[in-house]
Amino acid sequence: GAGVSQSPSNKVTEKGKDVELRCDPISGHTALYWYRQSLGQGLEFLIYFQGNSAPDKSGLPSDRFSAERTGGSVSTLTIQRTQQEDSAVYLCASSPRTSGIPQETQYFGPGTRLLVL
Amino acid sequence: AQSVTQLGSHVSVSEGALVLLRCNYSSSVPPYLFWYVQYPNQGLQLLLKYTSAATLVKGINGFEAEFKKSETSFHLTKPSAHMSDAAEYFCAVRSRGGGSNYKLTFGKGTLLTVNP
Numbered sequence: 206g207a208g209v210s211q212s213p214s215n216k217v218t219e220k221g222k223d224v225e226l227r228c229d230p231i232s233g234h235t236a237l238y239w240y241r242q243s244l245g246q247g248l249e250f251l252i253y254f255q256g257n258s259a260p261d262k263s264g265l266p267s268d269r270f271s272a273e274r275t276g277g278s279v280s281t282l283t284i285q286r287t288q289q290e291d292s293a294v295y296l297c298a299s300s301p302r303t304s305g306i307p308q309e310t311q312y313f314g315p316g317t318r319l320l321v322l
Numbered sequence: 395a396q397s398v399t400q401l402g403s404h405v406s407v408s409e410g411a412l413v414l415l416r417c418n419y420s421s422s423v424p425p426y427l428f429w430y431v432q433y434p435n436q437g438l439q440l441l442l443k444y445t446s447a448a449t450l451v452k453g454i455n456g457f458e459a460e461f462k463k464s465e466t467s468f469h470l471t472k473p474s475a476h477m478s479d480a481a482e483y484f485c486a487v488r489s490r491g492g493g494s495n496y497k498l499t500f501g502k503g504t505l506l507t508v509n510p
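Protein chains in written order, with our numbering: chain P, 206 to 322; chain E, 395 to 510.
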């Protein structure tokens, strides 16, 4: 079956502009996660969704970052007023739920490579 | 708080040689443990995971890892390296639950180079 998909695969933007990154999880996966991978910081957790709600937003680095999920499926990560330090690969992952909690294995998409000039 | 340490940001081996990538974790309770592989310009692919059954875990592509609670380690090995194993490898942990703490915490990664 189809895996996690993300779009766009690459995004170049100018400092100060807003960007939206999209994630389509595996069908039926109720848990969805966003991570950021950068040279300086490695792989960092950003936010976790269960259904449409986000019980863990602890990794969002500033209030310029926000995310939403609709219909328990597609998620959008929005970065407002982008800065050069936002340049990174943004990875999305999903997992199914068993007995009320997310299964331990997370399945990753190919990522969106963001470059802020 | 959980943390993961991968010793060696870069490991270089010859084709056919043993691969050993080291991972140590810090957690008050043994967590779930994972090894992921990332090929250039791709996402993360799960190699193997430790949940709570056998401490020696076998994964894809001939890799295996052993969970050692006394050493808080989960080192990744492969008896004989192939050129196709060249990639970056990440060790990760996840809490066994409680609250909403389901995120993965990753090590810094180890870049494996395989020389012909």
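Each residue gets a CB set at the ideal place from its N, CA and C atoms; glycine is no exception. Remember, it's a predicted structure, so these values are computed and weren't measured experimentally.
Beta-carbon spacing of residue i, residue j below 7 Å
| i | j | result |
| --- | --- | --- |
| P:S299 | P:I252 | no |
| P:V224 | P:I284 | yes |
| E:A475 | E:E409 | yes |
| P:T317 | P:L226 | yes |
| P:C297 | P:Q242 | no |
| E:V405 | E:T504 | yes |
| P:T274 | P:N257 | Note on residue identity: the sequence assigns Arg, not Thr, to residue 274 of chain P. Yes, the pair counts as a contact, with Cβ atoms nearer than the cut-off. |
| E:F457 | E:L440 | no |
Assigned secondary structure, residue i (DSSP; H/G/I helix, E/B strand, else coil)
| i | result |
| --- | --- |
| E:G456 | helix |
| P:E290 | helix |
| P:K222 | coil |
| P:K216 | strand |
| P:K262 | coil |
Rounded separation between residue i and residue j - CA only
| i | j | result |
| --- | --- | --- |
| E:Y430 | E:K497 | 15 Å |
| P:S292 | E:H469 | 31 Å |
| P:H234 | P:Q311 | 10 Å |
| P:V321 | E:K462 | 43 Å |
| P:G314 | E:G437 | 6 Å |
| P:Y240 | E:V451 | 26 Å |
| P:S271 | P:Q288 | 15 Å |
| P:Q246 | E:C417 | 18 Å |
| P:P307 | P:P301 | 6 Å |
| E:S467 | P:S278 | 36 Å |
| P:K216 | P:D261 | 26 Å |
| P:L319 | E:F484 | 21 Å |
| P:R286 | E:F500 | 28 Å |
| E:V508 | E:L415 | 13 Å |
| E:Y444 | P:A207 | 25 Å |
| P:C228 | P:T303 | 22 Å |
| E:A459 | P:E309 | 17 Å |
| P:V294 | P:P266 | 15 Å |
| E:N455 | E:A411 | 15 Å |
| P:A259 | E:A447 | 31 Å |
| E:P473 | P:T281 | 42 Å |
| P:G305 | E:T449 | 26 Å |
Candidates the options, of which the one nearest residue i by Cα
| i | options | result |
| --- | --- | --- |
| E:Y419 | E:P425, E:V405, E:E460 and E:V398 | E:V398 |
| E:P424 | E:F484, E:N455 and E:S464 | E:S464 |
| P:E249 | P:N257, P:G256, P:N215 and P:S263 | P:S263 |
| E:T471 | E:V407, E:N495 and E:P510 | E:V407 |
| E:K502 | E:V487, E:N495, E:N509 and E:P510 | E:V487 |
| P:L244 | P:P307, P:E290 and P:P301 | P:E290 |
| E:S422 | E:N495, E:N509, E:L505 and E:S489 | E:S489 |
| E:E482 | E:A447, E:P434, E:A411 and E:L401 | E:P434 |
| E:G453 | E:F428, E:M477, E:S446 and E:L401 | E:F428 |
> What residue ranges within the stretch 465-503 of chain E form continuous beta strand (DSSP E) runs of no fewer than 3 residues, ordered along the chain?
Replying inline: Taken in chain order, the unbroken stretches of beta strand (DSSP E) that lie wholly in the stretch 465-503 of chain E and span 3 residues or more are 467-472, 481-488 and 498-500.
>> For the stretch 296-318 of chain P, list every residue whose C-beta sits within 7 Å of some C-beta in chain B, in sequence order.
In response: Here the protein chains are P and E, and chain B is not one of them.
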